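Trainee:
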Amino acid sequence: MSEELPGFPYHPDPLATGAVVASGTTCVCCGRARGFIYAGPVYAVEELSHLLCPWCIADGSAAAKYDAHFIGDPVGDDVPLEVVMSVDACTPGFSSWQHPQWFFHCGDGAAFMGAVGAAELVAFPDAREELRSEADAWGWSAEAVESYLGALDKDSQDTGYLFMCRTCGRYMAYADST
């Protein structure tokens, strides 16, 4: 029998993003099988892939017990270290092609909304513009940039990763591939 998942303000729907999956696996941290297991990256000395429950991430016990981190590289300015540490220790991360990045904005962690491709980005013009600016900085022609943006695919490479600022509502994204 599955328990109701804990809330994650910085990763509002970890089931939809694939960071948490239904599983009968027993959590190595708390010793309980709760019906779900974390399937995202874990940065720790021990191999903890698919062995931690969402509850042990939410309450910080997995981070404390294993010196584990979950979010990858923080991106953003003027964010208190306590906020970065809290997001890193108590938020399910996500898998990406390269090392994942986590956005911070308005002095707080942004909420990870999921992987996106060109079709999904149509609804998020701020995020698409941010990706365009990133690609422009690589020195590509305008045509190459538009081709790249048009080829983004949420289920394949190149993939975009969408975040929303929890304070101002701005959408941000980055893209990567193998």
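Just so we're on the same page, our numbering is the position in the sequence shown counted from 1, plus 236. Here a beta-carbon is modelled for each residue, glycine too, at the ideal position from N, C-alpha and C. This one's a predicted model, so the numbers in the text were calculated from it and none came from an experiment.
(1) Taking Cβ to Cβ, would you say residue 348 is nearer than 8 Å to residue 407?
(2) Can we say the segment 263 to 272 touches the segment 313 to 325, given the rule of at least three CB pairs closer than 8 Å?
(3) Could you please give the first and the last residue of the uninterrupted beta strand (DSSP E) stretch that includes residue 350?
(4) Quick check: what's the CA-CA separation for residue 410 versus residue 398?
(5) On a CA-only basis, which of 374, 379, 312, 249 is nearest residue 350? Give me that one, please.
(6) Select from 258, 276, 264, 261 the residue whose C-alpha is nearest the C-alpha of residue 247.
(7) Applying the criterion that 16 or more other CB atoms from any shown protein chain within 10 Å of the CB defines a buried residue, is residue 335 buried or exposed?
(8) Just to confirm the assignment, what range does the beta strand (DSSP E) spanning residue 310 have?
(9) What does DSSP give as the partner residue(s) for residue 293 in the beta ladder?
(10) Residue 330: which of 316, 345, 307 sits nearest, CA to CA?
(11) Among the residues of its own chain, which have a CB less than 6 Å from the CB of residue 298, if the five just before and after it don't count?
(12) Any idea what DSSP makes of residue 324, helix, strand or coil?
(13) Which residue wins for smallest C-alpha separation from residue 310, given the options 412, 345, 375?
(14) Can you list, in chain order, the residues of its chain with a C-beta nearer than 7 Å to that of residue 368? Leave out the 5 residues immediately preceding and following it.
Mentor: Answer, in terms of the structure:
(1) Translated into positions along the sequence shown, residue 348 becomes position 112. Translated into positions along the sequence shown, residue 407 becomes position 171. Their beta carbons are not under 8 Å apart, which means residue 348 does not touch residue 407 by this criterion.
(2) no
(3) For this step, residue 350 is matched to residue 114 along the sequence shown. Here the beta strand (DSSP E) through residue 350 covers 347 to 352.
(4) What you label residue 410 is simply residue 174 of the sequence shown in a count that begins at 1. What you label residue 398 is simply residue 162 of the sequence shown in a count that begins at 1. So the two alpha carbons sit approximately 7 Å from each other.
(5) Along the sequence shown, read from residue 1 onward, the residue named residue 350 stands at position 114. Closest option to residue 350, Cα to Cα, is 249.
(6) Indexing the sequence shown from 1 puts residue 247 at position 11. Out of 258, 276, 264, 261, 276 has the C-alpha closest to the C-alpha of residue 247.
(7) For the purposes of this step, residue 335 is taken as the residue at position 99 of the sequence shown. Under this definition residue 335 is an exposed residue.
(8) Start at 1 with the first residue of the sequence shown, and residue 310 comes out as number 74. Per DSSP, residue 310 belongs to the beta strand (DSSP E) from 309 to 311.
(9) On the sequence shown, residue 293 is found 57 positions in, with the first residue counted as 1. Residue 293 pairs with nothing; no bridge assigned.
(10) If you number the sequence shown from 1, residue 330 lands on position 94. Residue 330 has its Cα closest to that of 307, out of 316, 345, 307.
(11) Locating residue 298 in the sequence shown gives position 62, counting from the first residue. 265, 288, 292, 304.
(12) The residue labelled residue 324 in the question sits at position 88 within the sequence shown. Helix.
(13) On the sequence shown, residue 310 is found 74 positions in, with the first residue counted as 1. The option with the nearest alpha carbon to residue 310 is 345.
(14) Walking along the sequence shown from the start, residue 368 turns up at place 132. Result list for residue 368: 381, 385, in chain order.
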